[in-house]
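Take a look at the structure set out below.
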Amino acid sequence: MKVPARGDAQIVERGFQRYDGRRSGVSGAIRSVSWESIRATLGLGRPARNKIFPVIAVVIAYLPAVVFIGIAVLIPGDILEPEEVADYPGYYGFIILAIVLFAALVAPEVLVSDRRNGMLAMYLSTPLDRRTYLVAKAVAVAAMLGLVTLLPPVLMLIGYSVENSGPDGLGSWLATLGRIVLSGIAISAALAAVSMAASSLTDRRAFAAIGIVLLLFATPILAAALIEGADLSPYWRVIDISTMPFELVFRIFGDPGNFPELATWAVLTGNLVWTIGGIAVVWWRYSKLVIAR
Amino acid sequence: MAFPSTRALDGLDVSIPGGVTGLVGANGAGKTTLISLVLGLLTPTAGSISVLGLDPTQSGAELRARIGYGPERNVFPDDLRAYDFVRHLAEVKGLPRDEARSRASDSLYLVGLGEERFRALGTMSTGQRQRVKLAQAIAADPHLIVLDEPTDGLDPVQRDEMLNIIVQVNRNFGIDVMLSSHVLEEVERVCDHVVALAEGRLVAQGSMVELAGASGGIELELVEIADRPSSVDDVAARLVAAGAGVRRNGATLSIVGFADDELFDLAARSVAESGARIRRLGRHRRSLDDIFADDSVTSGAERGSP
């Protein structure tokens, strides 16, 4: 047996020691909080019961894309009718349930939980302040919503392209991808702002979720009542938060959409007002919060 | 600091050196408000504050990266494992992921939770949660840790262990500690310095040696003699007549008013003249209880004055 020479021996000190290395600062804190919020929402690192709801929502969001790709694979391109598969803006009509579920799930989990379980005070004792904390949370909510608004159409684009049913030429393909990305960002931004605003107003996750769902279902009814019942201008449609982001997607793809009587600028303004309004409510609420411990 | 309905920490002027500093006072004294100001969670409505040479209102992010905080509140995400909780907060404090991982384990081992580190926080006892709070406070290697009631909810054995770890963190790793508590005995035991608050006012500040270790006069315990029941009263009367302040508790007299040597002479003379017998005579070590007792007398008198 070879005995190591005395000079080779080392004492490797274990245990708590001082650290004088690099620190990532505020940007690293935002990144870490965003990622941990995403993990919490998806139930990663948590018991299995926490994964059920997000998995259902993701399945609902991706299943139509898989089905349409399957149809494109099984039916030869020369006999496949365009109406037999969804176009990109029309795809959102198939996954609206998943989007509503995600909007009602994500923001309450990401925002309300921190206020209830004391993590907000913990985060504000780190390099984060209220503004950067909300930025981290907004990134998490928008990224989670992007999981169901952005990636399924991208998956569909890739599937169609592999089956030679996608856009012709690289330029057209990139343009389509750009429109998909823009659409996903538009929907995610509007719904993230609105759902965060609802979540900032209550300390109960269930109340926040119900509030978000009510908002998404009540505003189209209210818009219809104003336009058809009270005979007001069709431009009142902009108050319909469950329609405006998807109407904007049609316009991004050059489609007149479901409400051609609305000018594109009105649709865009409606989305901006909802997005900025949601952000304003969240900021107002958090700037008033007294966090003493 | 002014809240909508009250003023807290009005006119407070405090200087806290390194070491272990105790922030003492009853509930509502202003301890948590002071901690929140130190962390930059609250902005003072008047005056200024400097922590580790930085202004929390101006350099909050930079400052908070150098401070570890253990809140009083004992509610954390129940589903999260202790290790993930500590690792995540170390990352938020700026540590690279690999470093945060290893330091999360090291910190949990240091507080005695090495074998329990993968348990969910919701399944842990109050004592274990208090240790987790301490572990996350030190994991990112701060210059200062601020612990709000770190022994709250602990039994005497757990409290001793927690206090020992806190002292160890300061002595072995040079991390300054500011801890709040309403248990004066534990502050006397572990703190080098103390800041005493009552109803938002500063009652006393300084080193424990200056405050609690200083002489509080002398204490004279007499033997109660059956056939001379007035001997204790007689001694007390002689001391008062000589100009000393006397507080009587049974056969024990606490005597103040002169230098200790003069008090010893005066006490010995009074006992000899009255024919009483001494059971014990010694210096009275002033405690934080005495400081608060003195303040309550003073502030009560102030409140009572027109």
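Keeping their order, the protein sequence lines are chains V and G.
1 is the number of the first residue of the first sequence in the working numbering; add one for each residue after it.
1001 is the number of the first residue of the second sequence in the working numbering; add one for each residue after it.
Where a beta carbon is used, it is the ideal one built from N, C-alpha and C, also for glycine.
Would you list the residues sitting across from H1193 of chain G in a DSSP beta bridge? G:T1021, G:S1207
In the DSSP assignment, the alpha helix (DSSP H) including Y286 of chain V goes from what residue to what residue? 264 to 288
My assumption, with CB atoms under 8 Å, is that T176 of chain V sits in contact with V26 of chain V. Please give the rounded CB distance. Not a contact, Cβ separation roughly 36 Å.
If you follow the beta strand (DSSP E) that T176 of chain V is part of, which residue opens it and which one closes it? Unbroken run through T176 of chain V is the alpha helix (DSSP H), 170 to 200; no beta strand (DSSP E).
Apply the 10 Å Cβ neighbour rule to N258 of chain V and answer buried if 16 or more other Cβ atoms are within range, or exposed otherwise. exposed
On the premise that V1051 of chain G lies in contact with V1038 of chain G, defined as a C-beta separation below 8 Å, what is that separation, rounded to the nearest angstrom? 5 Å
Kindly indicate which three-state DSSP category M122 of chain V falls into: helix, strand or coil? helix
Just how far apart, CA to CA, sit A72 of chain V and I239 of chain V? 37 Å
Coil, strand or helix - E36 of chain V by DSSP: helix
What number of angstroms, rounded off, separates the C-alpha of R237 of chain V from the C-alpha of E261 of chain V? 10 Å
Does E1161 of chain G come within less than 8 Å of chain V when only Cβ atoms are used? no
Just to make sure I have the definition right: I need the residues of chain G whose C-beta is within less than 8 Å of the C-beta of Y19 of chain V. Which are they? L1095, E1099, R1103, A1140, D1141
Proximity winner among V:P256, V:A192, V:R204, V:S183, relative to G277 of chain V (alpha-carbon distances): V:A192
Where A1236 of chain G and D1261 of chain G are concerned, what is the direct C-alpha to C-alpha distance, given to the nearest angstrom? 18 Å
Between R23 of chain V and chain G, is there a C-beta pair that is closer than 8 Å? yes
Pull out every residue of the segment 96 to 123 of chain V whose Cβ sits closer than 8 Å to any Cβ of chain G, in chain order. S113, R116, N117, G118, M119, A121, M122, Y123
Counting only Cβ pairs nearer than 9 Å, list the residues of chain V close to F1118 of chain G. Those do not exist, as F1118 of chain G stays about 11 Å from chain V at its closest Cβ, beyond 9 Å.
Using a threshold of 8 Å, state whether the C-beta atoms of G1011 of chain G and L1197 of chain G are closer than that. no
Please confirm whether H1182 of chain G has its beta-carbon closer than 8 Å to some beta-carbon of chain V. no
Just the Cα atoms here: how many angstroms apart are N1249 of chain G and F1264 of chain G? 19 Å
Determine the DSSP secondary structure at M1178 of chain G, reduced to helix, strand or coil. strand
Between the alpha carbons of I221 of chain V and Q1128 of chain G, how many angstroms are there, rounded? 52 Å
Under 8 Å, Cβ to Cβ, is there at least one residue of chain G near T126 of chain V? yes
Would you kindly work out how many angstroms separate the C-alpha atoms of Q1130 of chain G and V1271 of chain G, rounded to a whole number? 52 Å
For the alpha helix (DSSP H) containing N1249 of chain G, name the first residue and the last one. Run containing N1249 of chain G: none in the alpha helix (DSSP H); it sits in the beta strand (DSSP E), 1245 to 1249.
For V139 of chain V, which residues of its own chain have a beta-carbon under 6 Å away from its beta-carbon, when the five flanking residues on both sides are left out? S34
Just confirm the distance between the C-beta atoms of E1099 of chain G and S32 of chain V, as a whole number of angstroms; I'd bet it's less than 8 Å. Not really, about 13 Å apart at Cβ, beyond 8 Å.
Any idea what DSSP makes of D203 of chain V, helix, strand or coil? coil
Does S1274 of chain G have its Cβ less than 8 Å from a Cβ in chain V? no
Please look up how many angstroms separate the CB atoms of T1021 of chain G and H1193 of chain G, rounded, as I've assumed it's under 8 Å. 4 Å
Need the endpoints of the beta strand (DSSP E) that D1148 of chain G sits in, please. 1144 to 1148
Is there contact here, the segment 109 to 119 of chain V with the segment 1071 to 1086 of chain G, by at least three beta-carbon pairs under 8 Å? yes
Could you tell me if W274 of chain V is buried or exposed, where buried requires 16 or more neighbouring beta carbons within 10 angstroms of its beta carbon? buried
Do we get a CB-CB distance below 8 Å when we pair D203 of chain V with the residues of chain G? no
At a Cβ cut of 7 Å, what residues of the segment 40 to 62 of chain V count as close to chain G, listed as they run along the chain? G45, R46, P47, N50
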